[in-house]
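Residue numbers (my numbering): 396 to 941. Note that beta-carbon positions come from the ideal geometry of N, C-alpha and C, so glycine has one too.
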């Protein structure tokens, strides 16, 4: 049996949605919003079913070189009966409940059209005996100005309840480990509140999404630096409520610090590298508050954009009013974040993995083999807190503007700086490296096999930044001074050390390639810079989400 849904006069509008400013995770979130809202609206009835364990949302991206990639999203929420099914497909049909996550009633249509030009919806509601299925072909809607679409009906067991969306002829693909990792990471962040309950499970290609809770700082007096806050902002006759917590995290994180802004249990602003950090509250990117202060703020009655990727507050002074009120609750935490000094620990394995990951996943290098030589025992000392006096004025030291000495020659080099007089204790500074200090890094670059023996120097800020010794045409010793004073205050941040290591490897590769491609043994002044740019561009493209 079949029915028809009238979609006129807006059939041509569907094609315009592929130009919306979605990202893969925000588009997928539209489907998850529908699933979770359906579950919460009918939670008691669903959980009363025999063997009910909660909501399962399955996201699958299937790569298919023959028929084309496709995206599938399936849930076991309440499902849809005929009226809701029509509303899900036809434009300008808001849901009955506009106080939930799917308040606009547009998410399924806009996100599906953004992803691909051919998509289908299949659903049946709990206690219904009918399953509905329809397919939307955007190209045909625009070509033939179709006014109606067919809906297939099939009998089903009334105990069944699900919705399945399949998108084909994709405009946007989700491929590559970086893009996939970003999608999973941000979806885990967006639905952290749901995942915390244990009632909602979301999987992406079989991998269960999990949100990693940040560590909260506890000082020497056993005080945990986390507090609840609540306030309201008066705006255009409305009282807009804010509640949640602020905290300090140790170790800090450039990627993950900052405030997460949540609405109706769903993150609107936040996630790795996307948290809310206005300079009025956090200072600049070199401040300790920038990487240590964080929190979660619930803003349920605040207006959001249709894509639900931001708040609708930019043209009315509302954001400024929000920041002013929030600053009253964060000043003491900002001061504390700036003034504690805790030596962070960074494992050599994690350092090397992060440093080389971009080179490998971008395809810049291949056939990578890594060996870490543990020349020294791993320290078991606890983190050392250094209290800085004058809390009101203390701040990280500015970067040294002195030029580093980075002699790079073909043969063995020696540092021009004295080795003993300026030497400091092992792992001096705010980052303590645990594990071996030598890495044997074998890889293939442009069809040539290389081996780098990398020594990480952690003792003396006065030593040369980078020393290179050529053992053969394809084997080199690299000594990288990870404490060089030129790079302060960045060297006091664990996130920077992998960047320095990756940059050093790229620079040496650029020099080697410049020598290899030289016809007469002479290197043009710009050759190394151009080769370096080429390597960095390859890695940059690998870093791109899309």
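Is it buried or exposed, residue i, if we count other Cβ atoms within 10 angstroms and call 16 or more buried?
i           : result
residue 936 : exposed
residue 409 : buried
residue 839 : exposed
residue 758 : exposed
residue 484 : buried
residue 852 : buried
residue 396 : exposed
residue 879 : buried
residue 556 : buried
residue 819 : Confidence in residue 819 is poor, its pLDDT being 37 and thus under 50, which makes the residue's placement unreliable; the coordinate value appears in the next sentence. Looking at its Cβ environment, which holds fewer than 16 other Cβ atoms inside 10 Å, residue 819 is exposed.
residue 631 : exposed
residue 401 : exposed
residue 552 : exposed
residue 600 : exposed
residue 460 : exposed
residue 687 : buried
residue 946 : Since the first and last residues shown for the chain are 396 and 941, residue 946 lies out of range.
residue 893 : buried
residue 914 : exposed
residue 591 : exposed
residue 412 : buried
residue 887 : buried
residue 781 : Residue placement at residue 781 is poorly supported in this model, since its pLDDT is 32, which falls under 50; the coordinates are not used for a value here.
residue 802 : Residue placement at residue 802 cannot be trusted, given a pLDDT of 35 that sits under 50; what the coordinates show is reported in the next sentence. Classification for residue 802: exposed.
residue 341 : The requested residue 341 does not occur in the structure, where the chain is confined to residues 396 to 941.
residue 558 : buried
residue 610 : exposed
Hey, quick one: how far does the beta strand (DSSP E) through residue i stretch, first residue to last?
i           : result
residue 636 : 633 to 643
residue 623 : 621 to 630
residue 578 : Where residue 578 is concerned, there is no enclosing beta strand (DSSP E), although the alpha helix (DSSP H) it sits in stretches over 572 to 585.
residue 845 : 843 to 852
residue 764 : 761 to 768
residue 919 : Premise fails: residue 919 is in no beta strand (DSSP E) and is neither H nor E.
residue 495 : First-last for residue 495: undefined, no H or E at that position.
residue 549 : 543 to 550
residue 606 : Looking at the DSSP string, residue 606 is not in any beta strand (DSSP E), and its letter there is neither H nor E.
residue 836 : 833 to 840
residue 561 : 557 to 565
residue 874 : 870 to 876
residue 647 : Segment: none, residue 647 is in no beta strand (DSSP E) and carries neither H nor E.
residue 597 : 595 to 599
In terms of alpha-carbon separation, which member of the options lies closest to residue i?
i           : options               : result
residue 618 : 628, 627, 642 and 685 : 642
residue 526 : 533, 535, 516 and 532 : 516
residue 766 : 514, 741, 690 and 846 : 846
residue 859 : 868, 844, 877 and 553 : 877
residue 577 : 594, 508, 898 and 668 : 668
residue 457 : 674, 561 and 825      : 561
residue 844 : 831, 855 and 762      : 762
residue 494 : 695, 881, 920 and 888 : 695
residue 442 : 595, 558, 539 and 414 : 595
residue 754 : 499, 504, 896 and 480 : 896
residue 462 : 563, 655, 722 and 732 : 563
residue 863 : 440, 883 and 907      : 907
residue 453 : 430, 435, 464 and 473 : 430
residue 830 : 920, 436 and 747      : 747
residue 607 : 628, 615 and 580      : 580
residue 613 : 732, 568, 850 and 449 : 732
residue 909 : 885, 891 and 868      : 868
residue 756 : 572, 724, 445 and 698 : 572
residue 497 : 899, 433, 884 and 416 : 433
residue 828 : 543, 889 and 708      : 889
Which residue marks the beginning of the alpha helix (DSSP H) containing residue i, and which one marks its end?
i           : result
residue 891 : 891 to 911
residue 749 : 743 to 756
residue 716 : 713 to 734
residue 499 : Here residue 499 belongs to no alpha helix (DSSP H), and DSSP marks it neither H nor E.
residue 865 : Here residue 865 belongs to no alpha helix (DSSP H); instead the beta strand (DSSP E) covers 861 to 865.
Subject >> Contained beta strand (DSSP E) runs [length at least 3] in the region 514 to 539, N- to C-terminal order >> reply: Runs of the beta strand (DSSP E) inside the region 514 to 539: 525 to 532.
Subject >> Length-filtered (4 minimum) alpha helix (DSSP H) runs lying within the region 401 to 482 >> reply: DSSP assignment within the region 401 to 482 yields the following whole alpha helix (DSSP H) runs of 4 residues or more, N-terminal first: 419 to 436 and 438 to 442.
Original post:
Would you call the region 728 to 737 and the region 866 to 874 touching, i.e. three or more CB-CB distances under 8 Å?
Top reply: Between the region 728 to 737 and the region 866 to 874 there are fewer than three inter-stretch CB-CB distances shorter than 8 Å, so the stretches are not counted as touching.
Subject >> At least 3 beta-carbon pairs within less than 8 Å: the region 662 to 672 vs the region 621 to 641 >> reply: Short answer: they don't touch.
Original post:
Counting pairs of beta carbons, one from the region 710 to 720 and one from the region 628 to 640, are three or more of them closer than 8 Å?
Top reply: Touching, per the Cβ criterion.
Subject >> Segment contact flag, the region 455 to 473 with the region 415 to 431, C-beta cutoff 8 Å, min 3 pairs >> reply: Enough Cβ pairs lie closer than 8 Å, so yes.
Original post:
Between the region 671 to 684 and the region 918 to 925, are three or more C-beta pairs nearer than 8 Å?
Top reply: At 8 Å Cβ cutoff, the stretches do not touch.
Original post:
Three or more beta-carbon pairs under 8 Å between the region 506 to 520 and the region 410 to 423, yes or no?
Top reply: With the cut-off at 8 Å, the region 506 to 520 and the region 410 to 423 touch.
**OP:** Would you check if the region 734 to 742 and the region 645 to 653 touch, i.e. whether three or more CB-CB distances between them fall below 8 Å?
**Re:** With the cut-off at 8 Å, the region 645 to 653 and the region 734 to 742 touch.
Original post:
Which ranges would you report for the beta strand (DSSP E) in the region 662 to 698 if only whole runs of at least 3 residues count?
Top reply: Those beta strand (DSSP E) runs which fall completely within the region 662 to 698 and span 3+ residues are 688 to 693.
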